[in-house]
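Chemist: Protein chains in written order, with the numbering used here: chain V, 2 to 228; chain U, 2 to 228. Even glycine gets a Cβ: it sits at the ideal position worked out from N, Cα and C.
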DNA sequence: TTCATTTTTTGATAAAAGTCAAAATATGGC
DNA sequence: GCCATATTTTGACTTTTATCAAAAAATGAA
C-alpha cells in the first residue's frame, strides 16, 4: 500500500496509523501522513471531477480552508435548531441527514458515503436553524468548509469554480430523479429502484434507515424483501 | 398601460397586440414593442435577482441568445424520447414536466409559472433522451437558450454568472424541501403543505395535475378537499 | 466469547389510499 | 352563449401500507 490512498479504499485510509511508514527515510509521523492522504484524496477528487490542475498554491489554499473532523458512530454533526455552518466532504465513513417529527418518526432525506458531500442546504444557504439532524452512521472522517470560505476559493481557484458548476448540474439531475421516484412509484418500485441505483446503501445502512429513506415503515420493507 | 409591462401582469403582455401604440410618434409596431417588453422582463429579472447591472452590450448578447417561442395550450415543448435542447424562462403562462408510465398514469415532477425556469435537467445536462413530457398548461410565451449558449453568456456577463450561482443554491434548497415533503408526510399533510407554499398552483392547475404533483389520485384529492 | 441492546421479522388488525363506475359540474372553443 | 368535452365528485369496494405487539435474529462493547 502506498502512502497515498484512494477515496474508495476506506480501509487504506483508516488503517494508515497502524502501519509503519513506507519510506523509512521519512521523519514524518504516520498521523501526519494520514492527514496528507486525506487532503490528497480531496485534491484528487477535484482534479478527477474537473480535469483541471491544482497548483501547489491552490492546494495550500484548499488545505487551509477545509478543516478535518472525525466523527464517532452516532455522533451529531448538526442537530435540529442549529444553524448549519459547514458544507462537508466525506473522506471515509457514512453520514445521513434526517428529520424527526412530533411523533418521533425519522425521515432520512439523504445519505452520504465517502467521496460525497453533505449539508443541510436549506440551513447553510439561508443561515437559518436547521429542521434536520445530521449524524455519522459509521466512524467517519470529513473535511468541512464554510460557504463563505468556499465562495472565496471559487473566486481564486478555477478548478473549484468549475467543480461547483458541474456539481450543481449533477444535483439538479439527481434530485429531479429522486422526486420522480417518490411521487410516481409505490413502495415496491421504490425499493427495486434503490436496489438498482444504490446497492451499496444496503451494505452500509440498516433496514430501518433504508425504509425511512424510501418513505415506508421497516415492517413493510421487511415484507418486500421476503418476496 | 405603459409599453413596458411587468412579469406578473400576464394580461398586459398578452393583450398588447390588440391595443393601439401608446406613443403616436413611434414608428415601431405593437408586435415589436411586445417583443421588447418580453426581453425587458428578462433583463429586469436578472437585475433584480443579482443586483448587478446589465450594459447595453450585455443586453444585446442576452437578446441574441434567448429565442422567443409561443406555445398554445397543451402544446408540447419536449416529448418523451426527445433530447431536451433548451433551458426555458417562462415569460407568461404555465408549463409542467411529467412522466407517463406503462399504464398511462401521469406524474407531474414540476410546474413553472411566469418568472420561473423549466427544463428536463437530466436530459439537457447529459444530452440523453428525455423520460418526460413538457407541455404548456396555458397559452405561454417562453425564452429558450441552449446550455452551450448559456455557458458562453456566463463567461461574458457577470450578472449571468452570479445569477447561475444564486439559482443553483435555491434549487438545492427547494428540492431538498420537496424530497422531505414527499417521504415524510401523508397525503393530507402534503396537500396542506402545498396550500401554504404554493396557493397560486390551485388557481392555475387542474385538480388532476395537482393530485399528480402530490403523488395521489384525483379522487383522493377531492376527498381531502371536502374536509 | 458473552450478553444486553438493537434490529429485523412475523402475525393480526386498522387506516390510508387506490380502483372502477357513474353522476354532477365546469370549461373553453366555436 | 351553446354544447361537446373534460374535470371533479361521489359511492362501493379492493389493495396497499401502517400500527401494535411479540418473537427471532443480529450486533457490538466489555
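1. At what residues does the alpha helix (DSSP H) containing residue 185 of chain U begin and finish?
2. Let me check understanding here. Comparing Cα to Cα, which of V/90, V/123, V/100 lies closest to residue 216 of chain V?
3. What is the rounded straight-line gap between the Cα of residue 177 of chain V and the Cα of residue 29 of chain U?
4. Buried or exposed: where does residue 23 of chain V fall if 16 or more other Cβ atoms within 10 Å of its Cβ makes it buried?
5. I want to verify the contact list: residues of chain U whose CB lies under 7 Å from the CB of residue 110 of chain V, in sequence order.
6. Could one say the Cβ of residue 193 of chain V lies closer than 8 Å to chain U's Cβ atoms, at least one of them?
7. In angstroms, rounded to a whole number, what distance separates the CA positions of residue 102 of chain U and residue 133 of chain U?
8. Mind reading off the beta-carbon distance from residue 109 of chain V to residue 174 of chain U? Whole number of angstroms is fine, and I expect it under 8 Å.
9. With a threshold of 7 Å on Cβ separation, who are the neighbours of residue 151 of chain V within its own chain once the five nearest residues in sequence on each side are excluded?
10. Taking three-plus beta-carbon pairs below 8 Å as touching, is the region 90–99 of chain U in contact with the region 133–143 of chain U?
11. Taking contact to mean at least 3 C-beta pairs separated by less than 8 Å, is the region 116–124 of chain U in contact with the region 203–217 of chain U?
12. Is there a Cβ of chain U sitting closer than 8 Å to that of residue 216 of chain V, yes or no?
13. Can you check which of these residues, U/181, U/167, U/220, is closest to residue 49 of chain U by C-alpha distance?
14. Should residue 154 of chain V go down as buried or exposed, given a rule of 16 or more other Cβ atoms within 10 Å for buried?
15. Helix, strand or coil for residue 78 of chain V per DSSP?
16. What are the boundary residues of the beta strand (DSSP E) that includes residue 143 of chain V?
17. For residue 193 of chain U, which of U/52, U/56, U/91, U/225 has the nearest alpha-carbon?
18. Chain U beta carbons: is any one of them nearer than 8 Å to that of residue 33 of chain V?
19. For the region 145–179 of chain V, which residues have a CB atom closer than 7 Å to at least one CB atom of chain U, in sequence order?
20. Are there 16 or more other CB atoms within 10 angstroms of the CB of residue 51 of chain V, so buried, or fewer, so exposed?
21. Within its chain, find whatever has a CB closer than 6 Å to the CB of residue 145 of chain V; leave out the 5 residues flanking it on each side and keep chain order.
22. With 7 Å as the limit, tell me which residues of the region 92–123 of chain V have their beta carbon closer than that to any beta carbon of chain U; keep them in chain order.
23. Can you find a CB in chain U that lies within less than 8 Å of the CB of residue 185 of chain V?
24. Is the CB of residue 84 of chain U under 8 Å away from at least one CB in chain V?
Modeler: Inspection of the coordinates gives the following:
1. 159–185
2. Between residue 216 of chain V and the set V/90, V/123, V/100, the nearest pair of CA atoms involves V/100.
3. 43 Å
4. Residue placement at residue 23 of chain V cannot be trusted, given a pLDDT of 44 that sits under 50; the coordinates are not used to answer.
5. 177, 180, 181
6. no
7. 10 Å
8. No, residue 109 of chain V and residue 174 of chain U are not in contact; Cβ-Cβ is about 18 Å, not under 8 Å.
9. 88
10. Cβ pair count under 8 Å is three or more, so yes.
11. no
12. So, interface residue.
13. U/167
14. buried
15. strand
16. Counting along the chain, the unbroken beta strand (DSSP E) around residue 143 of chain V starts and ends at 141–146.
17. U/225
18. No - not a single Cβ of chain U is within 8 Å of the one on residue 33 of chain V.
19. 169, 170, 172, 173, 174, 176, 177, 178, 179
20. buried
21. 68, 70, 87, 89
22. Those residues of the region 92–123 of chain V that come within reach of chain U (Cβ to Cβ, closer than 7 Å) are 100, 102, 108, 110, 122, 123.
23. yes
24. no
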